[in-house]
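A short worksheet on the structure shown next.
This is the structure in structure tokens:
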């Protein structure tokens, strides 16, 4: 089953690379280059997965995750953080606290993202936290 995926990253190269790989896997892809556009995109698109850069213009990835969890609770999309700046263990702990399901460091391996979302595609609720 193809998933609807929103990639939010102000690094166009990262967003394009992830979009290409996930599109090749058969998923429906949407991208946003500004953090302050993500919540509205989520409202309109109702994505299954949201991949968010932590350090975004307009709204941080942490704030996006917190808001999506407050609005949707456990019905929120699968939330995957990606960051090249916030790389300490404490940053990952904050990511988990605000609602991210997974926290990847840049440059992230696209196949790792595929592995993380595969349980949703197959209809399984199992997903190992990163």
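In my numbering, the protein residues as written are 229 to 358.
In this text, a Cβ means the ideal position worked out from N, Cα and C, and glycines have one as well.
None of these values were measured; they are calculated from a predicted model.
Worksheet item: In chain order, what residues of the same chain lie with their CB nearer than 7 Å to the CB of residue 247, ignoring the 5 residues before and after it?
Response: Cβ within range, chain order: 235, 257, 259.
Item to complete: Output the boundary residues of the beta strand (DSSP E) element that contains residue 308.
Response: Start and end: 306 to 311.
Worksheet item: Excluding five sequence neighbours on each side, which residues of the same chain lie with their C-beta closer than 6 Å to the C-beta of residue 239?
Response: Cβ neighbours of residue 239 beyond the five flanking positions: none.
Discussion item. If I measure Cβ to Cβ from residue 305 and keep anything under 6 Å in the same chain, skipping five residues before and after, which residues do I get?
Written reply: Excluding residues within five positions, the ones whose Cβ falls inside 6 Å are 275, 276, 277, 278.
Fill in: Three-state secondary structure assigned by DSSP to residue 288
Correct three-state label for residue 288: coil.
Worksheet item: Distance, Cα to Cα, residue 229 vs residue 281?
Response: Residue 229 and residue 281 have their C-alpha atoms roughly 25 Å apart.
Item to complete: For the beta strand (DSSP E) holding residue 281, just list the boundary residues, first then last.
Response: Segment 277 to 281, the beta strand (DSSP E) holding residue 281.
Item to complete: Using 10 angstroms around the beta-carbon of residue 241, count the other beta-carbons present and answer buried if the total reaches 16, otherwise exposed.
Response: Exposed: under 16 other Cβ atoms inside 10 Å.
Worksheet item: Of all the CB atoms in chain C, is at least one closer than 8 Å to the CB of residue 322?
Response: Of the protein chains in this structure there is only one, and it is not chain C.
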